[in-house]
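When you line the sequence shown up against this note's numbering, it's residues 107 to 436, in that order.
Using N, Cα and C, we set each Cβ at its ideal position, and we do this for glycine too.
Input: a single structure, listed below in structure tokens.
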Amino acid sequence: MREFGYQRAHDVAGAVALLAADPDARYLGGGTNLVDLMKTGVERPARLVDVRELPLDRVESTTDGGLRIGATVTNSDLAADPDVRRRYPALAQAVLAGASGQLRNMATVGGNLLQRTRCGYFTDLAAPCNKRAPGAGCSAVTGEHHNHAVLGASDHCVAVHPSDMGVALTAFDARISYESPDGPGEAPITDFYLPVSDTPHRETALPPGALITHVTLPAAPVAARSRYRKVRERASYAFAIGSVAAALTVEDGVVREARLALGAVASRPWRARAAEAVLTGAPADGASFAAAADAELAAARPLPHNGYKVTLMRNLVVSVLTELAGEDAR
Numbered sequence: 107m108r109e110f111g112y113q114r115a116h117d118v119a120g121a122v123a124l125l126a127a128d129p130d131a132r133y134l135g136g137g138t139n140l141v142d143l144m145k146t147g148v149e150r151p152a153r154l155v156d157v158r159e160l161p162l163d164r165v166e167s168t169t170d171g172g173l174r175i176g177a178t179v180t181n182s183d184l185a186a187d188p189d190v191r192r193r194y195p196a197l198a199q200a201v202l203a204g205a206s207g208q209l210r211n212m213a214t215v216g217g218n219l220l221q222r223t224r225c226g227y228f229t230d231l232a233a234p235c236n237k238r239a240p241g242a243g244c245s246a247v248t249g250e251h252h253n254h255a256v257l258g259a260s261d262h263c264v265a266v267h268p269s270d271m272g273v274a275l276t277a278f279d280a281r282i283s284y285e286s287p288d289g290p291g292e293a294p295i296t297d298f299y300l301p302v303s304d305t306p307h308r309e310t311a312l313p314p315g316a317l318i319t320h321v322t323l324p325a326a327p328v329a330a331r332s333r334y335r336k337v338r339e340r341a342s343y344a345f346a347i348g349s350v351a352a353a354l355t356v357e358d359g360v361v362r363e364a365r366l367a368l369g370a371v372a373s374r375p376w377r378a379r380a381a382e383a384v385l386t387g388a389p390a391d392g393a394s395f396a397a398a399a400d401a402e403l404a405a406a407r408p409l410p411h412n413g414y415k416v417t418l419m420r421n422l423v424v425s426v427l428t429e430l431a432g433e434d435a436r
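Here is the structure:
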């Protein structure tokens, strides 16, 4: 591990100024991903700017009935927050599915959204990886890729985004606020994560040196009846091989509103717009749910060893929507 400096920031402006003065520095929240990458040599910052003591550790209601979540709120506190559990239960479920209690106690909301892929080639310095070393190539395309992307990938990178939290936030139209050397900014989460294209090393729309300060969830009555379902290769905590965040409003047997996002299928949390369009106004039954899943997955381009994900995700979408429709019927 490279030697590095350490400095604790006490206000947002001071944190941003520290990074502006040292482009080779990194913000440190809980460190549950960054420190691991430093140990393997993937990340080699000259300085860590600790942001844990910034006044960004609250979950607050907004005037429109949404929530404003500070970037240093821990995953544990987010999942336990009464308003999150009541108004956006799929978000609480996603956080609880994401890691062990010890990790949730350390990990922060901002850090969770910025975590890097768990592709083995990304963390192996001896393997070509365009995300780690642009222009080197993508080892996974012809190598081990059973857990890699089936949607939105390119020949340059087929890695998936690992965040469970990000999938639920995507389903509910979260907005990411940040402070940069040029001032404050905001982006919807669907624009915050960039398409992989031919620049997989550019993962987010954050300006250089910017610090995430808040995540805002707009009011969404549909979210009160929502669910997050994660499939993993073992019962203990592991990264998803497929996940779904879904919410439904059903009236008189017809879907009036639907929210759907998929995880572990693309380089970013995947908002299932095609599926939502099929669902809205359709009967709340298995046939409609299957048609919606098929519409979204029609764009899938699986690799030789991850085609199972298409079937898995179809079944997962139908199962979760069926459960939600059953709850509405009761």
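What distance in whole Å lies between the Cβ atoms of residue j and residue i, which are believed to be in contact at a cut-off of 8 Å?
i, j, result
"I318", "A121", "Rounded, the Cβ-Cβ distance is 11 Å, inconsistent with contact."
"G204", "N181", "7 Å"
"V321", "A280", "5 Å"
"G291", "P314", "That belief does not hold up - the Cβ atoms of G291 and P314 are roughly 12 Å apart, past 8 Å."
Hey, would you say residue i sits closer than 8 Å to residue j, going by beta carbons?
i, j, result
"R362", "A353", "no"
"A311", "F298", "yes"
"I282", "A265", "no"
"E402", "A378", "yes"
"A431", "A367", "no"
"V148", "R238", "yes"
"A370", "G171", "no"
"T417", "F395", "no"
"L160", "V190", "no"
"V302", "S373", "yes"
"L275", "L202", "no"
"R335", "L422", "yes"
"Y112", "D183", "no"
"G392", "V424", "yes"
"A385", "A404", "Here residue 385 turns out to be Leu, not Ala, going by the sequence shown. In this structure, A404 does not lie closer than 8 Å to L385 by Cβ."
"D261", "C244", "yes"
"R222", "L300", "no"
"A246", "R407", "no"
How long is the line joining the alpha carbons of residue i and residue j, rounded to whole angstroms?
i, j, result
"D304", "C263", "8 Å"
"W376", "V273", "7 Å"
"A316", "R420", "37 Å"
"Y343", "A185", "16 Å"
"R132", "A152", "8 Å"
"D270", "A126", "30 Å"
"A351", "F228", "27 Å"
"K145", "L154", "14 Å"
"D400", "E433", "23 Å"
"D187", "R158", "19 Å"
"D128", "F345", "33 Å"
"A233", "Y194", "40 Å"
"A383", "V360", "13 Å"
"P287", "D163", "22 Å"
"E166", "R192", "14 Å"
"P306", "A213", "24 Å"
"A388", "A381", "11 Å"
"A115", "L124", "8 Å"
"N211", "A242", "36 Å"
"D130", "P240", "18 Å"
"E109", "L140", "15 Å"
"V426", "M107", "44 Å"
"A200", "G207", "13 Å"
"I347", "K415", "8 Å"
"L209", "P268", "15 Å"
"P327", "G226", "40 Å"
"L323", "E285", "18 Å"
"T296", "T248", "29 Å"
"V168", "E250", "For the record, residue 168 in the displayed sequence is Thr; it is not Val. Spanning the two alpha carbons is a distance of roughly 45 Å."
"G289", "R150", "27 Å"
"A341", "D358", "38 Å"
Examine the ligand MG and report whether any of its heavy atoms sits within less than 7 Å of the Cβ of residue i.
i, result
"A330", "This structure simply doesn't include the ligand MG, nor any ligand for that matter."
Between the stretch 165-180 and the stretch 330-345, do three or more beta carbon pairs fall short of 8 Å? no
Beta strand (DSSP E) runs wholly inside the stretch 335-421, at least 3 long, in chain order: 348-357, 360-369
Count the C-beta pairs between the stretch 411-426 and the stretch 234-254 that are closer than 8 Å, then say yes if the count reaches three, no if not. yes
Pairs of beta-carbons, one from the stretch 135-146 and one from the stretch 213-225, closer than 8 Å: are there three or more? yes
Taking only runs of the beta strand (DSSP E) that begin and end inside the stretch 116-188, which ones reach a length of at least 3 residues, in chain order? 131-134, 153-156, 165-167, 173-176
Complete beta strand (DSSP E) runs within the stretch 279-332 (minimum length 3 residues, chain order): Taking only runs of at least 3 residues, the beta strand (DSSP E) segments lying wholly in the stretch 279-332 are 281-286, 289-294, 317-323.
List, from N- to C-terminal side, the alpha helix (DSSP H) runs of 4 residues or more that fit wholly inside the stretch 192-260. 195-204, 207-212, 215-219
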